[in-house]
Amino acid sequence: MLMDVTDNDGGVCDTVCGGDGGIDGGDGCIIVMMVVIMLVVVMMVLVMVVVMMVVVLVIVVMMVIVLLVVVVLMVEIVEVMLKGMLVTVSVLKI
């Protein structure tokens, strides 16, 4: 169990709530533990969001690189085809 009671044993709730063993200390401790759990959950969600954003960025960068390579290859192929057409045209003229 995460919930530690204020029983003066030096646990989490004793250090947070002053460990007088009263009902108020215990209530405060449960609230504090809830806040801590909420903070941990929020931090985990934030970390997940950041990780997802990094993954998406990496995927986008990879796609851009692939697109650039494809465009360069297409330009090269078109250039070779144009040169071939020019050669055939000049041969035909001769």
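Using our numbering, you'd call the opening residue of the sequence shown number 3 and step up by one each time. No residue lacks a Cβ here, since even glycine has one placed at the ideal position from N, Cα and C. All of these numbers come straight from a predicted model, not from anything done at the bench.
Residue i to residue j span [Cα, whole Å]
i: M83; j: V44; result: 58 Å
i: V66; j: V37; result: 43 Å
Backbone secondary structure at residue i - three-state DSSP
i: G27; result: Its pLDDT being 44, under 50, G27 is placed unreliably in this model, and the value from its coordinates should be taken loosely. Of the three classes helix, strand and coil, the one that applies to G27 here is helix, per DSSP.
Residue-level contact to chain D via CB, residue i, 8 Å cutoff
i: L94; result: Among the chains in the structure shown there is no chain D, since it carries only a single protein chain.
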